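Going left to right, the sequence shown walks through residues 60 to 238 as this note's numbering numbers them.
Every residue, glycine too, gets a C-beta built ideally from N, C-alpha and C.
Note that this is a predicted model, so its numbers are computed, not measured.
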Amino acid sequence: TVCTDDNPCTQDLCVPETGCDFPAEGPLTSCGEPFSHGQGICEDTACTPTCDDGYQSCDGDWDNGCEVNIAGDSANCGECGAACEDGWFCLDGQCSNSCGDKTPCGDVCVDLATDPLHCGACDAEPCDSGAAGDLAVCVDGACGQVSCEDDQWDANGDPTDGCEYPCVSTGAETCDGED
């Protein structure tokens, strides 16, 4: 069924090219391929790219997703293009001359006990999620994995955006972001 005003896919995923896809819940459901720190949201029969809270697509290129953490990027602090002064940090979307209770790692402030990209040390390798359906976590400065909730998947392997891919496995759908 093609997505139309009469059939806006409020109970199914909206894939504008082909119509509705597998079942999901609610009027604002995910559509399209997953991307870093965001997802497509089915609105008014169209799949609209939407960033997770705290992230933006400052270059407007949805192929690389919502690439900027505006809560911690000193070149885009709080919004795209809002740069902090040299030597200052972006802390929770505000420019600051210190990292507060976090650790300065280069030009970012991190919590070494919980940040999966800097787990235990500024120069640590990012935590690995392991298998699809698992999520990389950093607990007390040590990497680990936890399982995603039902019908949620870590399709892109990026530990900072969680189990970003909502998917109900039905028939040929394997919830790998590719089918």
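Where residue i sits in the DSSP three-state scheme
i	result
Asp145	coil
Pro82	For Pro82, the pLDDT reaches just 42, beneath the cut-off of 50, and the residue's location in the model is therefore unreliable, leaving the point undetermined.
Asn128	strand
Residue nearest to residue i in terms of C-alpha spacing, selected from the options
i	options	result
Asp132	Tyr224, Gly97 and Gly165	Gly165
Asn215	Thr107, Cys117, Ala142 and Asp187	Asp187
Asn128	Asp145, Asp220 and Asp199	Asp220
Cys117	Thr107, Asn135, Leu176 and Asp111	Asn135
Ala130	Asp122, Gly140, Trp121 and Cys181	Gly140
Asp145	Pro108, Gly137, Asn156 and Glu138	Asn156
Asp122	Gly97, Leu171 and Gly113	Gly97
Leu150	Asp182, Gly113 and Leu194	Gly113
Asp209	Gly200, Asp182, Asp120 and Cys226	Cys226
Ser206	Asp160, Ala195 and Lys161	Ala195
Range covered by the beta strand (DSSP E) that runs through residue i
i	result
Thr162	Thr162 to Cys164
Leu194	Asp193 to Val198
Ser206	Ala201 to Ser206
Cys222	Taken as a continuous stretch (DSSP letters only), Cys222 belongs to no beta strand (DSSP E), as it is neither H nor E.
Cys154	Gln153 to Ser155
Cys168	Val167 to Val169
Cβ-Cβ distance between residue i and residue j below 7 Å
i	j	result
Cys158	Thr173	no
Cys245	Gln211	Residue 245 lies beyond the stretch modelled for the chain, which goes from 60 to 238, so this question has no answer here.
Cys154	Cys143	yes
Pro185	Leu176	yes
Asp213	Gln204	no
Asp182	Ser95	no
Rounded C-alpha distance that separates residue i from residue j
i	j	result
Thr109	Glu138	15 Å
Pro82	Gly99	Here the model assigns Pro82 a pLDDT of 42, short of 50, so the residue's position is not dependable and the matter cannot be decided.
Asp111	Tyr224	12 Å
Pro163	Gly152	15 Å
Cys168	Ala180	12 Å
Phe148	Asp160	13 Å
Cys178	Asp120	29 Å
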